[in-house]
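Those protein sequences? They're chains Y, W and B, same order as listed.
Per the working numbering: the first sequence = residues 200 to 714.
Per the working numbering: the second sequence = residues 6 to 124.
Per the working numbering: the third sequence = residues 79 to 184.
Glycine included, C-beta positions come from ideal geometry on N, C-alpha and C.
This report refers to the structure that appears directly beneath it.
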Amino acid sequence: MDLVIALSPLLAVGFGGLMLMLAEAFGKPSEEGISKTTGDVVDAGAGRGAELGLGASVVLIAGAVMAVGVWIVGPETLEGVADVAPYLLIDRFSLFFTFVLCLGGAFTALLGGGYLPEHRIDRSEFFPLVLFSTFGAIALAMSGDLLSLFVGLETMSLGVYCLIGLRRGSARATEAALKYFLLGSFAAALTLFGAALLYGATGHTDLVGIGEAVATIGQPDSTVAAMPVLLALALTLAGLGFKVAAVPFHQWTPDAYEGAPTPATAFMAAVVKTAAFAILLRVLLVGFGEERLMSWGTGWPPVIATLAVLSMTVGNVVAGRQESVKRMLAYSSIAHAGVALVGVAATIRSTEDATASVLFYLLVYTVSTAGAFGALILCGSRGAEAVSYEDLAGIAKRHPAAALAFSLFLLSLAGFPPTAGFFGKLYVFQSAIDSELYVLVIIGLVNSLIGAYYYVRVMVYMYMREPVPGAPVAKPMSSGMVTSAIVLAALLVLGLGILPGVSLDMAIAAAARGG
Amino acid sequence: MFDLYLPMFLMFAIAAGVAAGMFSLGQFVGKNPQSAEKLTPFECGNDTEGAGNVRLSVKFYLTAILFVVFDIEVVFIYPWAALFKGLGWVGFASMLMFVVALLVALVYCWKKGALEWEK
Amino acid sequence: MGALLGNVLEHYVMLAGVLFTIGAVGFLVRRNVLVQLMSIELMLNAVNLAFVAYNRVHGDDMNGHMFVFFIIAVAAAEVAVGLAIVLSFYRLTGSVHSDDADALKG
């Protein structure tokens, strides 16, 4: 029974997904759905995006609440948790991530519930897919074994491939799905070969066992060879680098983000990236947390630092040159992965503080980026979707609330006080200073300045530009679900910005258990 | 170790050599007249009909892929069946959940009409 | 299990490495999406081979075999999704070459 309580967030999302799938298959197409479509193929369940989206978001918010509940009860007091270890680790680290992932999934479901009916994408399987993908993401964040890592990673990714390719009639969406699928499968295969090498070298597939075996390298009676372990580390980093979209493994990102339906883009930016960071932290700190591997001269920190510098710089510089806001947000998500990687690199000295700063940053980033994509959705409607900067010209006059919310999320992404993004960046850079990574901090600060340029540029277009006469402009849509998602995200952005203490304490507690 | 496989490698080498030799011999020694008659595809002596690439209905793809996905799940059921006694009720409950999940997927395919051949 | 096995293990792992490399190179060099899918399958099967071979050495647990079961099942699901995407790409563009996936740029 304890085990059921401990696993309740995961079980809720999984069973919720199955139920929603049945509801989608058995449901009658609503009258509205038929009349809106052009009369061609109407699947059962088609055109019921709003209802199913509401259902999915309720399930996901329930999952988040359950994660909070297990947190309050205390996962260490629950017996039976050891039965599923190391495949699923129920500790404060995974509960923190479960909460963030459920939150990101719920935002996606709410945005999808507004976006799909508005744009006549009669594919209600979007919502079961979001639930299954979130299920995989939670399993990934909980996994303490290479086996569950692989299964979780693939469950999450397969759902996302389908989410991107949802609009089957659109060449761009299909192309985005194809690119993401090919590169994602390739990355998964790389990670797997790394897993095989690790198993061969250490005889373990659980991260703790791998960590202990790796620690014996170099001792006279050790049977573990260093070479395959290092190769495995490189392959694993490359595979997870694809998922977090770190430069140079980022080529798929802008295309996949641009071609996907916007709620799916929000899902990739928020949930997939967060889950990949969760497992990256766990693999690096538990599996490769040995002293020599965590030192600057002989281990992974310089690699992570290089990835961080490249991601921040390339992400920000290229984002500034984009004409499409959606693409700009894609590159900005690469830059944000870079900042989070600074925090990962900072784990070399003050391990727990740095881990906590990454956790807090990911929470803040999830809320801000989901909100930004939500505001982008709200600014557009069928046939007049907001894509480029020009589309957004003068939107503040036509829809002041949407423009205000968008500005708030952009300020948070840029890291201005008093939004949450400011504290997220502050804590990451603070922990980097504690670890004496001054160069990384300076590069990060310079990049924040570059980033501010293109975030503010969106606001300039929204508030100070008039649309070119005759040019197509975005017409704002009205949707209760999108609005409620944005309000929720805005409250969180402001709340985390004004009172960061509580959630930071939680992040520190999570880091203490998991790191 | 190597001795054990030497005959096999020799056989591979000879086989490859014979095959390559036959082809190149035909290429170099034989005459190679090209005529319209000779360039037509040979189909048991009959005249050829229709396009070479017959388009198969996409139904085949859907059915085949569903078959593969469901078929492959037996890799989990087989070890469970082999160790049935040892795994006990925990194993049974786990497998039950797995089968229920599969069943939901099957019902979904059915309701969506993916299993209907004639439509 | 003696010295013979140790020797043989090395060969198996080398074979797995070679297959994996062939798959990876094939994925990067070829532009036909179907061939790229096959290359990924080759890579996954190379991993399977490595796992099974290593399991002989770490024979006490069955982790290697278990891993292979999961890889086989997940690979099937991956191919199902992949082929569906390729099929809808082919319907829209009439091509299965990844070079033709060039509508998105920047």
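query = From L391 of chain Y to A437 of chain Y, what does the alpha carbon distance come to, in whole angstroms?
reply = 11 Å
request  = Kindly indicate the opening and closing residues of the alpha helix (DSSP H) around Y588 of chain Y.
outcome  = Neither: Y588 of chain Y is in no alpha helix (DSSP H) and is coded neither H nor E.
ask   = Of the residues Y:Y314, Y:F292, Y:I260, Y:L429, which one's Cα is nearest the Cα of L365 of chain Y?
value = Y:Y314
key: the stretch 154-173 of chain B: positions lying closer than 8 Å to chain W by Cβ   = A154, A155, V157, A158, L161, A162, L165
task = Use the C-beta contact count for L352 of chain Y: other C-beta atoms within 10 angstroms, 16 or more gives buried, fewer gives exposed.
result = buried
ask   = Taking 7 Å as the CB-CB cut-off, is A583 of chain Y touching chain W?
value = no
query = Grouping DSSP H, G and I as helix and E and B as strand, with all else coil, what is D633 of chain Y?
reply = helix
key: the stretch 117-143 of chain B: positions lying closer than 7 Å to chain W by Cβ   = none
ask   = DSSP puts S647 of chain Y in a beta bridge; with which residues?
value = Paired residues: none, contrary to the question.
key: Burial state of Y637 of chain Y (16 or more Cβ within 10 Å)   = exposed
request  = Would you list the residues sitting across from H175 of chain B in a DSSP beta bridge?
outcome  = B:N110
ask   = With a CB to CB cut of under 6 Å and the five nearest residues on each side skipped, what residues in its chain are close to G393 of chain Y?
value = A431, L434, T435
ask   = Is N37 of chain W buried or exposed, if buried means 16 or more other CB atoms sit within 10 Å of its CB?
value = exposed
request  = Closer than 6 Å by C-beta to F296 of chain Y: which residues in its own chain qualify, once you throw out the five before and the five after it? Chain order, please.
outcome  = A340, A477
inquiry  = In the DSSP output, which residue or residues are listed as bridge partners for D344 of chain Y?
reply    = Y:D405
key: H143 of chain B, buried or exposed, once every other Cβ within 10 Å from all chains shown has been counted against 16   = exposed
ask   = From this set, Y:V257, Y:L251, Y:S207, Y:P285, which residue's C-alpha is nearest W270 of chain Y's C-alpha?
value = Y:S207
task = Pair every Cβ in the stretch 531-540 of chain Y with every Cβ in the stretch 581-591 of chain Y, then say whether three or more of these pairs are closer than 8 Å.
result = no
Partners in chain B for R367 of chain Y, counting only beta-carbon separations shorter than 7 Å = S166
message = Can you tell me whether W94 of chain W is buried or exposed? The criterion is at least 16 other CB atoms within 10 Å of its CB, across all chains shown.
response = exposed
query = Does the beta carbon of A224 of chain Y sit closer than 7 Å to a beta carbon anywhere in chain W?
reply = yes
ask   = For V135 of chain B, which residues of its own chain have a beta-carbon under 7 Å away from its beta-carbon, when the five flanking residues on both sides are left out?
value = L87
message = In this structure, how does DSSP classify S494 of chain Y when only helix, strand and coil are distinguished?
response = coil
inquiry  = Report the start-end ranges of each alpha helix (DSSP H) in the stretch 387-448 of chain Y that is 4 residues or longer and not cut off at the edges.
reply    = 406-414, 425-443
task = Report the residue from Y:A604, Y:A602, Y:L603, Y:F621 whose alpha carbon sits nearest the alpha carbon of S611 of chain Y.
result = Y:F621
Within 7 Å, strictly: CB atoms of G519 of chain Y and Y653 of chain Y = yes
request  = For V107 of chain B, decide whether its Cβ has a neighbour in chain Y, counting only Cβ atoms nearer than 7 Å.
outcome  = no
query = Does the beta-carbon of E275 of chain Y have 16 or more other beta-carbons within 10 angstroms, so that it is buried, or is it exposed?
reply = exposed
ask   = chain Y partners of V104 of chain W, CB-CB under 7 Å?
value = Going along chain Y, no residue has its Cβ under 7 Å from V104 of chain W, so there is no contact; the nearest lies around 13 Å.
inquiry  = Just list the residues that DSSP pairs S580 of chain Y with in beta bridges.
reply    = Y:A583
request  = Pull up the distance between the alpha-carbon of V212 of chain Y and that of C301 of chain Y, whole angstroms please.
outcome  = 9 Å
request  = Determine the direct distance from the alpha carbon of T452 of chain Y to that of M527 of chain Y, and round the result to whole angstroms.
outcome  = 11 Å
ask   = For the alpha helix (DSSP H) that P274 of chain Y lies in, which residues bound it at each end?
value = P274 of chain Y -> no alpha helix (DSSP H), and no H or E assigned at all.
query = Could one say the Cβ of E231 of chain Y lies closer than 7 Å to chain W's Cβ atoms, at least one of them?
reply = Residue placement at E231 of chain Y is flagged as unreliable, the pLDDT there being 49, under the threshold of 50; a coordinate-derived value is accordingly withheld.
ask   = Would you say F147 of chain B faces chain Y, with C-beta separation under 7 Å as the test?
value = no
Residues in the stretch 78-101 of chain W having any Cβ partner in chain B nearer than 8 Å = E78, V80, F81, P84
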